[in-house]
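J.:
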Amino acid sequence: MIEDILEVALRSIAVSGLAAVLATAWGIPISLKLVTDEFRGKKFVLDVFRALVSVPTVVVGLALYFLFSRSGPLGRLRLLYTPLAISIGQAVLITPLLVTFAYRALER
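Add 14 to the 1-based position in the sequence shown for the numbering used here, that's all there is to it.
1) Which residue wins for smallest C-alpha separation from A119, given the options S26, S45 and E52?
2) Let's test the definition: count the other Cβ atoms within 10 Å of the Cβ of T109 and tell me whether it reaches 16, buried, or not, exposed.
3) What's the gap between the Cα of K56 and the Cα of V113?
4) Can you name, in chain order, every residue of its own chain whose Cβ lies under 7 Å from the Cβ of I42, other than the five neighbours on each side?
5) Could you tell me whether the region 90–110 touches the region 27–37, using the rule of 3 or more Cβ pairs below 8 Å?
6) Helix, strand or coil: which one does DSSP assign to V29?
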């Protein structure tokens, strides 16, 4: 029983850790680009990320489900219900929050 609990705990840490790495890998460069460059539509991009913070997790989950399902665009990768898909889902969920927080921290 202890082995089962340990296995679940370690898998949870691994999945969440990978999600944090993925979100950081694409979120920080996006934030840096938004802070350092002036371009047309910058305010719109920031507003989109701010709006995405409030999207319900169920909506994001359903979108990713349809994306990764067998009949979806990425279905042939067979990622649905895998730890990698869960990590990607968590990373997608946290990216808007990471981008908005990092932008605020970096613009100072």
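We put the CB at the ideal spot given by N, CA and C, even for glycine.
T.: Put simply:
1) Looking at the Cα atoms, S45 is the closest of the given residues.
2) In summary, T109 is buried, with 16 or more beta-carbon neighbours lying within 10 Å of its beta-carbon over all protein chains present.
3) The C-alpha of K56 lies about 13 Å from the C-alpha of V113.
4) For I42, where only same-chain residues beyond five positions count, the Cβ hits under 7 Å are A116.
5) With the cut-off at 8 Å, the region 90–110 and the region 27–37 touch.
6) Note: V29 maps to helix in three-state DSSP.
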